[in-house]
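Once you know that position 147 of the sequence shown is 134 in this note's numbering, the rest is easy, because the numbers rise by one and skip nothing.
Where is the CB? At the ideal position from N, CA and C, for every residue including glycine.
Since the structure comes first, as structure tokens, the remarks are kept for the end.
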Amino acid sequence: MKLDRLVASHQSLGRQAAHRAIAAGRVRVDALVVTDGHHPVDRFMRVEVDAEVIQSPERALYLMLHKPVGILSATKDDQHPTVIDLIDAPDKHTLHIAGRLDRSTSGLVLLTNDGRWSKRIMAAEHKVPKVYLVETAEPIAMEAVAEFARGFYFHTEDITTLPAELVILDERRARLTLHEGRYHQVKRMFHRVNNRVTGLHRESIGPFCLPDDLKSGAWRFLDPQIAWAAVTSGDSLLLKSSSFRE
Ligand code: URA
């Protein structure tokens, strides 16, 4: 939302009066005077007109979670435990998931109540890389590397998958980097090379890597500034303890 709309809706001030108040320097966003009515504001910002707070900021939440096999990537389910059930923060019901995993897949899941952040991570045009460790039923053929790089045509969606990097680690284990996230994508890709995924684990999403000390079923808050800096700079994030918020 733009600042002028928010200010205008306050006590039905009206657009004209809102513009005058903003131009006169009477409006502060997060303690700073803003004189541009088009300044974007969201629900995580504190907005004041003169000394009156017209919007108190909501707490923005950014979490990484180590999903165990058997837990559903959903916010609610009648039959299975969900990732939300693993979290013990009071405002956990405001969270949504930035990129689901199958129930049989383990690894990194990001959660937030900030739609702009999750959109940034999930937006197709940003091609955020997701790295998976894959175990297969059959030996992985060397030719699969070139086939994954070429892409597979998926009839259901009428798309060809983006070039993916497959690194064979041993006979039945590989590391796969995808730059998109389609339904059951890893499993479907391995099916196309006459193989079957028996174990799947997500190690990272863009700059966010699952830390070694984040045990299966555990989660952590990310520092909001670091969470945003990581997605906007694209730099790999070394998640030292200072990156987390208690
Ligand atoms: N691809 C899959 O097949 N499953 C997942 O959970 C993630 C990617």
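query	result
Looking at the strands, I want to know which residues DSSP matches up with glutamate 152.	Thr164
Let me know the secondary structure DSSP gives valine 132 once reduced to three states.	helix
Counting Cβ pairs closer than 8 angstroms, one from the region 65 to 85 and one from the region 110 to 118, do we hit at least three?	no
The ligand URA: which residues have Cβ under 5 angstroms from any of its heavy atoms, chain order?	Leu88, Asp89, Thr92, His171, Gln172, Val173, Lys174
Going by DSSP, what residue range makes up the beta strand (DSSP E) through threonine 123?	117 to 123
If you follow the alpha helix (DSSP H) that valine 218 is in, where does it begin and where does it stop?	211 to 220
Between the region 204 to 218 and the region 171 to 180, do three or more beta carbon pairs fall short of 8 angstroms?	no
Cutting at 7 angstroms between CB atoms, please list the residues of its own chain near glycine 57, excluding the five before and the five after it.	Arg90
Determine the direct distance from the alpha carbon of threonine 69 to that of alanine 61, and round the result to whole angstroms.	6 angstroms
Can you look up histidine 67 in the DSSP assignment and give me helix, strand or coil?	coil
Which same chain residues, not among the five before or five after valine 132, have their C-beta less than 6 angstroms away from its C-beta?	Leu153
Express the C-alpha separation of alanine 38 and aspartate 29 in angstroms, rounding to a whole number.	20 angstroms
Rounded to whole angstroms, what's the CA-CA distance from histidine 26 to valine 34? Just pull it up for me.	12 angstroms
For threonine 147, collect the residues of the same chain with a Cβ closer than 6 angstroms to its Cβ; drop the 5 residues on either side in sequence, then sort them by chain order.	Gly138, Tyr140
Say whether the region 184 to 193 touches the region 116 to 124, bearing in mind that this needs 3 or more beta-carbon pairs closer than 8 angstroms, one atom from each stretch.	yes
How would you write the range of the alpha helix (DSSP H) that serine 105 sits in, first residue to last?	102 to 109
Secondary structure at aspartate 157, three-state DSSP: helix, strand or coil?	strand
So which of Ala216, Ile213, Asp64, Leu209 has the shortest CA-CA distance to valine 96?	Leu209
Going straight from the alpha carbon of threonine 41 to that of valine 14, what length do you get?	The sequence given here places isoleucine at residue 41; threonine does not occur at that position. Approximately 10 angstroms between the Cα atoms of the pair.
Could you name the residues that DSSP lists as bridge partners for lysine 240?	Residue coverage of the chain in this structure runs from -12 to 233, which leaves residue 240 outside it and unanswerable.
If you follow the alpha helix (DSSP H) that lysine -11 is in, where does it begin and where does it stop?	Run containing lysine -11: none; DSSP gives neither H nor E here.
Let me make sure I understand the geometry here. Which of Thr92, Lys(-11), Pro55 has the alpha-carbon closest to that of leucine 201?	Pro55
Among residues of its own chain, excluding the 5 on either side of serine 228, which ones have a beta-carbon nearer than 7 angstroms to its beta-carbon?	Here the model assigns serine 228 a pLDDT of 45, short of 50, so the residue's position is not dependable and the matter cannot be decided.
In the DSSP assignment, find the alpha helix (DSSP H) that holds histidine 178 and state where it starts and stops.	172 to 179
Whole angstroms is fine: what's the gap from valine 173's alpha carbon to isoleucine 127's?	14 angstroms
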